[in-house]
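Asker: Residue numbers for the sequence shown follow full-length UniProt numbering, so the first one is 1 and each next one is one higher. Please see the structure below; I have some questions.
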Amino acid sequence: MAKTDSDKVRNKTHNDTPGNAKAVSVATLNALLADTIDATNATRQAHWNVKGSHFYGLHKMFEEFYGLLSEQSDELAERAVQLGGIPDGTTQGVGSRTRIAPYDANLLDGLEHCQALAERYAQLAKSLREGIDTTDEAGDADTSDLLTQVSRVVDKSLWMIEAHLQGKN
Ligand SMILES: [Fe+2]
Numbered sequence: 001m002a003k004t005d006s007d008k009v010r011n012k013t014h015n016d017t018p019g020n021a022k023a024v025s026v027a028t029l030n031a032l033l034a035d036t037i038d039a040t041n042a043t044r045q046a047h048w049n050v051k052g053s054h055f056y057g058l059h060k061m062f063e064e065f066y067g068l069l070s071e072q073s074d075e076l077a078e079r080a081v082q083l084g085g086i087p088d089g090t091t092q093g094v095g096s097r098t099r100i101a102p103y104d105a106n107l108l109d110g111l112e113h114c115q116a117l118a119e120r121y122a123q124l125a126k127s128l129r130e131g132i133d134t135t136d137e138a139g140d141a142d143t144s145d146l147l148t149q150v151s152r153v154v155d156k157s158l159w160m161i162e163a164h165l166q167g168k169n
């Protein structure tokens with residue numbers, strides 16, 4: 001994860017979360033924002049390019065899931081602002097921070113998209129759970145709670161994606 005000025009607490013606020021907790025949370029939130037936006041874009045790529053006999057169901061499901069992820073990105077970014085941080089959702093910022101594996105832009109087969117997205121959603125959920133612990137230990141129960149909520153959304157989407165892969169792995 002690249003550390004930049006955006007990962008620091010930059011703005012004053014009356015929010016009484018302890019200073020060190022703010023710094024930990026802003027860096028954690030910026031990293032998870034990048035992962036979440038990357039996963040959103042991968043899901044949209046799948047929505048556009050999916051082919052095969054599962055086309056319609058997957059096309060609609062991927063649309064629902066990138067919408068859900070996009071809403072979660074907004075929550076992560078706005079929590080960073082509340083703590084005095086500057087969320088970085090630029091393409092360049094996301095590209096430098098994301099821990100999600102690059103998505104194959106040529107992927108077409110529906111179940112191959114499910115496999116690729118399942119791996120990335122699992123990666124995102126794992127990083128969210130690490131963030132739950134990191135921010136809780138730093139003393140920011142509110143960010144930890146937000147990450148818990150986001151992780152449940154990602155876990156639910158992962159379950160639905162993996163249901164298409166039953167017997168495939
Ligand atoms: Fe669409």
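Glycine included, every Cβ here is placed at the ideal spot set by N, Cα and C.
Comparing C-alpha positions only, which one of Leu124, Lys12 and Ala141 sits nearest to Lys86?
Answerer: Before going further, note that residue 86 is Ile rather than Lys in the sequence given. Ranking Leu124, Lys12 and Ala141 by Cα distance to Ile86 puts Lys12 first.
Asker: Using only CA atoms, which one of Ser96, Val26 and His14 lies nearest to Ala138?
Answerer: Checked all of Ser96, Val26 and His14; the closest Cα to Ala138 is Val26.
Asker: Does DSSP put Met1 in a helix, in a strand, or in coil?
Answerer: At Met1, the pLDDT of 47 sits below 50, so the modelled position is not reliable; the number obtained from the coordinates is stated separately. Looking at Met1 - three-state DSSP - the assignment turns out to be coil, as it is neither helix nor strand.
Asker: Can you find at least 3 beta carbon pairs, one from the region 92-103 and one from the region 64-81, that sit closer than 8 Å?
Answerer: Too few Cβ pairs lie closer than 8 Å, so no.
Asker: Confirm, please, whether the CB-CB distance from Ser70 to Thr43 is below 7 Å.
Answerer: No, the Cβ-Cβ distance between Thr43 and Ser70 is not below 7 Å.
Asker: If you draw a straight line from the alpha carbon of His113 to that of Ala125, how long is it in whole angstroms?
Answerer: Answer to the nearest angstrom: the Cα atoms are 18 Å apart.
Asker: Run through DSSP, which three-state label would Met16 get?
Answerer: Per the sequence shown, residue 16 should be read as Asp rather than Met. If DSSP states are grouped into helix, strand and coil, Asp16 belongs with coil.
Asker: Compute the Euclidean distance between the alpha carbons of Met1 and Glu130, then round it to the nearest angstrom.
Answerer: The pLDDT assigned to Met1 is 47, lower than 50, so where the model puts this residue is not dependable, and the model offers no usable value.
Asker: Tell me which residues share the same chain as Arg10 and place their Cβ nearer than 8 Å to its Cβ, disregarding the 5 neighbours each side in the sequence.
Answerer: Cβ neighbours of Arg10 beyond the five flanking positions: Gly84, Gly85 and Ile86.
Asker: Locate the alpha helix (DSSP H) running through Arg10, then write down its first and last residues.
Answerer: Premise fails: Arg10 is in no alpha helix (DSSP H) and is neither H nor E.
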